[in-house]
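Those protein sequence lines, which keep their order, are chains A and B. So that you can map any letter, position 268 of the first sequence is 524 in the numbering used here, and since no number is skipped, the others follow by simple counting. So that you can map any letter, position 653 of the second sequence is 909 in the numbering used here, and since no number is skipped, the others follow by simple counting. Take a look at the structure below.
2 protein chains.
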Amino acid sequence: MKKLSIGFVLLFLLLFLHLNLSAQKSENYIQHVNPLIGTQKMGHTYPGATVPFGSVQLSPDTDQQPHNIAGKYNKDAYKYCAGYQYDDRTIVGFSHTHFSGTGHSDLGDFLIMPTVGDLQLEPGAKDNPKSGFRSAFSHQNETAEPNYYKVLLEDDKILAEMTTTTRVGFHQYTFPQSDNSHIILDLMHGIYNYDDKNVWTFVRVENDRTIVGYRQTNGWARTRTVYFAMEFSKPFTSYGFKNYENQAYRGFWRKFDQTKNFPEAAGKQIRAYFDFATAKDEKIQVKFALSPVSTEGAMNNLKTETPDWDFEKVKRAGQNEWNKELGKIAVTADTKGDLINFYTALYHTFLSPTVYMDADGKYKGLDQNVHQANGFTNYTTFSLWDTYRALHPFFNIVQPRRNREMIRSMTAHYDQSVHKMLPVWSHYANENWCMIGYHSVSVIADAIVKGNLTGVEAQKALDASVQTARTKYYDGLEYYMKMGYVPEDKNSSSVSKTLEYAYDDWTIAQMAKKLKRTDVYDEFIKRSENWKNVYDASIGFMRPKMSDGKFRVKFDALQTHDQGFIEGNAWNYSLYVPHNPDEMIRMMGGKQKFAAHLDELFTMHLPDEFFADTEDITREGIIGNYVHGNEPSHHVAYLYNWADAPHKTQEKVRMILKNQYRPTPDGLGGNDDCGQMSAWFLFSTLGFYPVAPGSDQYSLGSPAIKTAVLKLENGKTMTIEATNQSDKNVYVERVSLNGKPLNRHYITHAEIMNGGKLTFMMSDKPKV
Amino acid sequence: MKKLSIGFVLLFLLLFLHLNLSAQKSENYIQHVNPLIGTQKMGHTYPGATVPFGSVQLSPDTDQQPHNIAGKYNKDAYKYCAGYQYDDRTIVGFSHTHFSGTGHSDLGDFLIMPTVGDLQLEPGAKDNPKSGFRSAFSHQNETAEPNYYKVLLEDDKILAEMTTTTRVGFHQYTFPQSDNSHIILDLMHGIYNYDDKNVWTFVRVENDRTIVGYRQTNGWARTRTVYFAMEFSKPFTSYGFKNYENQAYRGFWRKFDQTKNFPEAAGKQIRAYFDFATAKDEKIQVKFALSPVSTEGAMNNLKTETPDWDFEKVKRAGQNEWNKELGKIAVTADTKGDLINFYTALYHTFLSPTVYMDADGKYKGLDQNVHQANGFTNYTTFSLWDTYRALHPFFNIVQPRRNREMIRSMTAHYDQSVHKMLPVWSHYANENWCMIGYHSVSVIADAIVKGNLTGVEAQKALDASVQTARTKYYDGLEYYMKMGYVPEDKNSSSVSKTLEYAYDDWTIAQMAKKLKRTDVYDEFIKRSENWKNVYDASIGFMRPKMSDGKFRVKFDALQTHDQGFIEGNAWNYSLYVPHNPDEMIRMMGGKQKFAAHLDELFTMHLPDEFFADTEDITREGIIGNYVHGNEPSHHVAYLYNWADAPHKTQEKVRMILKNQYRPTPDGLGGNDDCGQMSAWFLFSTLGFYPVAPGSDQYSLGSPAIKTAVLKLENGKTMTIEATNQSDKNVYVERVSLNGKPLNRHYITHAEIMNGGKLTFMMSDKPKV
């Protein structure tokens, strides 16, 4: 009888496993994702575990902060924006927050590291991992999947595995036999340009398995606090803190030995350790929940999202979630590499913005007060100078609900802003003001024009956009409003600012038009023409103009530094009139001349002296003088469409796709920038691109897959088919939509969202 | 018709004013309060405005922090525990939080200072106030009343007035004519032993009248944040910030001029200023609300408590509140000085603990989470080593409801404590562990034994007391529990700790007895005898014992430093067995010998070399070798009652009352210690004293007033009458209660609370 029961159980188990495997098999998109892509050189992606748009990014860090000198500039920090560099041979530990692809550093909160043997509380040297708690590792013993990361820590032969839920990092460490095993919690560790960014940390050991606390930092985000709750799968036998700060008189705290088994610590520079005895191959698990609000919130997140001690279940749930999200586009392609490129790009676009609220809907606002998100999920990490271009437009197609909620998060930011401004570059209840323009308005306009934001909400978002665009003290804006351009002698990067304000203003005009707000339309459509004020027809480039109305004499179109531009030279940036290419081309001498100009851009050689100050990219991130690794040129290849040379758009796009995106750790030529580079890849691979977000048109390029099926949130399906597709057949012979010829170089948003079939007939010959 | 209306209105107004004045006149207790008492030398009281138990203590500071050297020890800090020293001739400004009478420094948040002329953002030198924003003042032009403080700032001829509600400081500055008037908000200023206690400050200028922000400090309270909301009665014309910190790279914040009219600032060292044009005698008012929770909470407190711009109304409301509280005891006395002493002492006992929660009941807990106070008012600032002796017992008579709520605040602290300990010395959601013992248990026992805490709540409070008293790692407690005493070689101040633990344990036994918890009673009544273990019969003093069971050889009964005691020498501290004087007297050689020993204490001379290390008191704070300015001897004068010499209790008490409490700024010989010194005065002046809180008995002394009517919360009235009272008639001939002779040296709590009349017949001859 007993045996029979066991038999049945086994049978059911096998059946369950089989069903599960086949279910996974039928839609296994995660197999095509390689989170290591972009972790070498300039990609600044992280290889660790996270769920789509998750608050926790649990990932290995291969460099450490701080370097023990308060406030010291860390020249390597840029390399370690995501904490991990593929070329490194040691891991310091696993921290819980990471940006994906940024060109500036922050985060890296709460580093966890397991060790065995004599306790070492210093990280030790990179070239001598045994000198501290860091460990050697090798890529042979490393696995990175969506929501799963595994590595063998070679120094102590500890297998480290991690997975996550939205708000909880779930660690699993397989120890060797030892009476002297430890798990270190490093509250000093962080990622930032300067050491000593900690403002305060606070820890409580609630019982022999539970720790709570917070970390407050002054980094890229000026006033930022992250709260945590941590739980071990088994009780520690003892624990301790080390406070590295040279502390003044601590009064009656002297009555305690605060270093050992004392349950409370606070200060700027603290590391904690927890001791265990472990049997051979014993697994110790750690749940580590984050909250933007409080330790109470973190504890509630932990209990809500990870009620059990089932690592596999958490991993599986997160991977299923990834499969669901990645499955929104089902592609077929020629090579495994193409699939990996595609799904890894899709993966990278679904990493940020990240959810920024507790399971109960509470979050910290820009005003540092706690707010309740009513009716939406609050997001943070808005790298808008990058992501307004393609990422948010991409979301309007494949993540429209989330994009709406991101805009709600942006207008909540506006409501909480003392400046009454929409976000510029915001993260963790902070505005860091990074880069230029006010591109929130583009994201809002794109959603409104495409019908993804309507009614009162759209009206309010327009009001916020207008108010933002009238903030006089913002970055030369008063001059721009008065004079029609930003004068270079009053404000640096003046040309870039003028061009981007003009585009942003056009997007405000577009939403005003859609919302029938004529006064706003009139004001901003006028402002949108300001780009003309910085065009110097005598040289055919945009050029810095002084407050006396004259162009600055000093000028070098190849130089990036101090030429009135930022992250781009005049060759690249002068083409930044996405909202009116026709007029720009006319002013630049007409279509033919313009096409030749573009040809030159793509083929000329940028001497090394000029490359040196091109930021954020590798040499491979440049094609001729076209800089794909930075964003201002992302629309440029599509401009041939306006110059009667669509075949050149087609060949350039395919060239960029091939050169700039490779399925290898060093496959990204520049920072992925919170998914913008990947979104460019995805649009272009699908065969179209939003040259001017805020318009409902996508400019057609050359699709790089065989078929792609977009499963839309509205229940419809849009199939893209590239007939006769191959590496050589990069030219589009003809295009049809639902069987009817499409005799234009664009497709509209409504056409995509209505579903159906878009067919590209490919050829190896340009259709001139 | 119109004229008639105005006439009527005027008539009503006059009638109203008349009624109001006469109402005030009939019970004008505040006229007897002089908040300047104790502001000179060691009293450490503050002269500024506050309401009873108010969260805001808005008071002038005459010294400044920081002294511009990070972490530097400030040797003068002790003098400035309350921010103000009467001998000083300049005022730096007015800050919003002050302890009353502490022997340790903290607080001093948010200094406001009005100035005229060229902006000076540095405080300047004490001896040259014109060198900075500080100003000369003189006591001739200074008025201090309950909830009202006024001073002429002589440098710029600005009249400064202030009043408060519980959570709002209300400033009124009368300016001269000037186009260049300023109000400075100094976020660097603070009160503490070390400079640079700021961890972070954050400010937002919400509009041209409203500012919010917070200040986070690492001072006596290790992790403390106070939030504020500030509103001006008229818009400022411009404003600015100065950040004194040497800041690292601030990224894209560079795009702003953050010094002038930029609405946001954050950092460690910030001062702000607000500019006005003022007409001659123009008043600018400032409302400044505090919150323990958030700027949102502060703003709500501001709106709730001060909806209008009516300074006089706020002042009047607060003074009415004071009259109501002070009116709980109506006394008659021979001299105006006696009345001032009495009502100023009563005033000082009603200053702390202070309300620590928002108007909506939210407060920050010890766990740094936000809690909702359900069914009670949450209090903070528990100076328990001082206040368990007389202040909380005094509250059990005159403020029983508040005392219950204070205990609820203490048990909430316990619930939030990671140590599961009741408060030792706590303020602002922090435990600072100051001094020794765990005297919360005495406060709780006193309330339970006296019937002021009952039911489930009492049982829970007992559990918390027991748990607290079993915290092994607390201050030698494990040794005490194992060995029956704290060994001096293991833990300093071992005798004081042993004696106080023993007393505290006795109080736990008393509440256990009352609550019928026999097991707890048995455990703790046994522990309460541990005082015997440190009594050295061979010398007649308590004496430090080593872990080998032998008394330490090195011993000096006059020395305070390093003799096994704290804030007291062996002469004083050896008498600390408040819960069993009979047995102590027996062990010390019997009643006669003991009385002679006490006589010697009061009459011997303490050489200067020993006085030097007696903390916290002036030379006048000592009578012979009896140290009244520190607390451990507060029960000592009453011990004659146990030695068959009650007349000596009577004469000593009257002597102490006369010598140690004078109606002058230097009238307090030692720190008022959050009201403990004043509570001693009040009890003793009324003729009885709680020698052992946790007992329901008060030991009789010699009343120093003619009559006192206690208006009890239960609606009853207790009248104390001293017949034949005079300065010379300090001896009590006989006592009667409700007309019946009281032939014992104590009165019970129930007898007081039942109301009636306690009559002392006074005489100039001791009844021996």
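Where a beta carbon is used, it is the ideal one built from N, C-alpha and C, also for glycine.
Here A/Phe508 carries a helix assignment [DSSP, helix/strand/coil]. Interface flag for B/Asp731 against chain A is set, since a Cβ pair is found closer than 9 Å. Legend: CB atoms of the region 512-536 of chain B lying less than 9 Å from CB atoms of chain A belong to residues Phe512, Asp513, Asn517, Phe518, Pro519, Glu520, Ala522, Gly523, Lys524. Annotation for B/Pro370: the continuous beta strand (DSSP E) segment containing it runs 367-372. The DSSP assignment places 480-488, 494-499, 520-523, 526-534, 538-547 as complete runs of the beta strand (DSSP E) inside the region 479-563 of chain A, in order along the chain (cut-off: 3 residues). By DSSP's assignment, B/His627 forms a beta bridge with B/Tyr619. Look at the region 610-628 of chain B: the residues with a C-beta under 8 Å from a C-beta of chain A are Asp623, Gln624, Asn625, Val626. Relative to B/Ala545, the option among B/Ala615, B/Ser494, B/Asn517 whose CA is nearest is B/Ala615. Contact of B/Arg423 with chain A is not assigned, every C-beta pair being separated by 9 Å or more.
Using a Cβ-Cβ cut-off of 9 Å, B/Asn630 does not count as an interface residue toward chain A, since no Cβ of chain A sits closer than that to its own.
At a C-beta separation below 9 Å, A/Asn688 has these neighbours in chain B: Gly507, Phe508, Trp509. Runs of the beta strand (DSSP E) lying entirely within the region 878-958 of chain B, each at least 3 residues long, are 953-956 in chain order. The residue from A/Val892, A/Phe309, A/Ser752, A/Val991 with its alpha-carbon nearest to that of A/Trp578 is A/Phe309. Cβ contact annotation for B/Pro834 (same chain, cutoff 7 Å, sequence separation greater than five): Tyr759, His891, Val947, Ala948, in chain order. From the beta-carbon of A/Thr479, the residues of chain B found nearer than 8 Å are Trp456, Phe458, Ala522. In chain order, Val674 make up the part of chain A whose C-beta sits under 8 Å from the C-beta of B/Val461. Residue contact check for B/Gln472 against chain A: a CB pair falls below 9 Å. Relative to the Cα of B/Asp411, the nearest Cα in the group B/Thr422, B/Gln932, B/His427, B/Lys382 belongs to B/Lys382. When the five nearest sequence neighbours on each side are left out, the beta carbons in the same chain lying within less than 7 Å of the beta carbon of B/Pro519 are those of Arg460, Val461, in order along the chain. In this structure, the alpha-carbon of B/Arg783 lies about 58 Å from that of B/Leu408.
In the structure shown, the three-state DSSP call for B/Ile414 is strand. A/Phe939 sits close to A/Tyr954, with the two beta carbons spaced by under 9 Å.
Listed in chain order, the positions of the region 548-562 of chain A with a beta carbon within less than 8 Å of a beta carbon of chain B are Ser550, Thr551, Glu552. By the neighbour-count criterion, in which 16 or more other beta carbons inside 10 Å mark a residue as buried, B/Lys772 falls on the exposed side.
Rounded to the nearest whole angstrom, the C-alpha separation of B/Asp537 and B/Ser391 is 18 Å. For a Cβ distance threshold of 7 Å, nothing in chain A lies close to B/Trp641: the least Cβ distance comes to about 10 Å. Under the three-state reduction of DSSP, A/Phe797 is assigned to strand. Counting only the Cα atoms, B/Leu415 lies some 10 Å from B/Glu398.
Here A/Asn994 is exposed: its Cβ has fewer than 16 other Cβ atoms, across all protein chains shown, within 10 Å. In the DSSP assignment, A/Val312 falls outside any alpha helix (DSSP H) and carries neither an H nor an E.
Nearest Cα to B/Tyr429 within the set B/Thr358, B/Tyr470, B/Ala535, B/Lys328: B/Ala535. Across the structure, B/Ala701 and B/Gly950 are spaced so that their CA atoms are roughly 5 Å apart.
By the C-beta density criterion, B/Ile795 is exposed, having fewer than 16 other C-beta atoms within 10 angstroms. The beta carbons of B/Pro649 and B/Ala935 sit closer together than 9 Å. Where A/Gln472 is concerned, the enclosing beta strand (DSSP E) starts and stops at 466-473. For B/Trp476, the neighbours in chain A by C-beta distance under 8 Å run, in chain order, Gly507.
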